[in-house]
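Under my numbering, the very last position in the sequence shown is 791; numbers go up by exactly one each time. Even for Gly, the Cβ is constructed at its ideal location relative to N, Cα and C. Below is one structure, written out as structure tokens; the observations come after it.
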Amino acid sequence: MLPSRLASRVLGRGTHVTNPSDLAFYGGEANVKTIPLGSLVDRPDKPECGSTLRERSSSTVYAFGMYYSDRTLRKRPVSAVAGGIVPDGSLSSIPAGGDACIW
Numbered sequence: 689m690l691p692s693r694l695a696s697r698v699l700g701r702g703t704h705v706t707n708p709s710d711l712a713f714y715g716g717e718a719n720v721k722t723i724p725l726g727s728l729v730d731r732p733d734k735p736e737c738g739s740t741l742r743e744r745s746s747s748t749v750y751a752f753g754m755y756y757s758d759r760t761l762r763k764r765p766v767s768a769v770a771g772g773i774v775p776d777g778s779l780s781s782i783p784a785g786g787d788a789c790i791w
């Protein structure tokens, strides 16, 4: 039985694993940490600037960076190897746009 919440860290992003298919993809419960509800509230749920990710059932790889005008994290499709794979739908809330990482 799948616990109510599981999380995996993929390139700095806390990813909720909430279905058996994603759990199996990440190697089962031995490779995914079970955490209490609400414990990721102070952790970033966005990818790190400069990372490349794709969703599990997609071949589109996105690079992530900050958009200058409003300093929000944005994604853009790139022709690169994904540095990590996240569950489907995980990147849908991140808007398209710029990709600069300035420290």
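For this session: Could you tell me how far apart the beta carbons of isoleucine 782 and arginine 762 are, in whole angstroms, since I believe they sit closer than 8 Å?
Result: Residue numbering aside, residue 782 sits at position 94 when the sequence shown is read from its first letter. Residue numbering aside, residue 762 sits at position 74 when the sequence shown is read from its first letter. Sure, about 7 Å apart at Cβ, within 8 Å.
For this session: Please confirm whether tyrosine 750 and valine 766 have their CB atoms less than 8 Å apart.
Result: Here residue 750 refers to the residue found at position 62 when the sequence shown is read from its first residue. Here residue 766 refers to the residue found at position 78 when the sequence shown is read from its first residue. Yes.
Exercise. Under the three-state reduction of DSSP, which class applies to leucine 711: helix, strand or coil?
Worked result: Within the sequence shown, residue 711 is the residue found at index 23, counting from 1. For leucine 711, the secondary structure class from DSSP, reduced to helix, strand or coil, is helix.
For this session: Would you mind reading off the limits of the beta strand (DSSP E) that contains alanine 751?
Result: By one-based count along the sequence shown, residue 751 stands at place 63. For alanine 751, the uninterrupted beta strand (DSSP E) segment begins and ends at 749 to 754.
For this session: Look at the Cβ atom of aspartate 776, then the Cβ atom of glutamate 743, and state whether they are nearer than 8 Å.
Result: Along the sequence shown, read from residue 1 onward, the residue named residue 776 stands at position 88. Along the sequence shown, read from residue 1 onward, the residue named residue 743 stands at position 55. Yes; because the gap between Cβ atoms is below 8 Å, this pair is in contact.
For this session: Please state if the CB of glycine 771 and the CB of threonine 794 are separated by a distance shorter than 8 Å.
Result: An answer regarding residue 794 cannot be provided, because it is not within the stretch 689 to 791 covered by the chain.
For this session: Measure the alpha-carbon distance for cysteine 737 versus serine 746 and round it to whole angstroms.
Result: The residue you call residue 737 lines up with position 49 of the sequence shown. The residue you call residue 746 lines up with position 58 of the sequence shown. Roughly 21 Å separates the two Cα atoms.
For this session: Could you tell me which residues DSSP puts in a beta bridge with glycine 772?
Result: On the sequence shown, residue 772 is found 84 positions in, with the first residue counted as 1. In the DSSP output, where bridge partners are listed per residue, glycine 772 has Leu741.
Exercise. How about alanine 718 and glycine 753: do their beta carbons lie closer than 8 Å?
Worked result: The residue given as residue 718 occupies position 30 in the sequence shown. The residue given as residue 753 occupies position 65 in the sequence shown. No, they are not a contact pair.
Exercise. What residue range is occupied by the uninterrupted beta strand (DSSP E) comprising leucine 761?
Worked result: Taking the sequence shown and counting its residues from 1, the one referred to as residue 761 is at position 73. Looking at the DSSP string, the run of the beta strand (DSSP E) that includes leucine 761 is 761 to 766.
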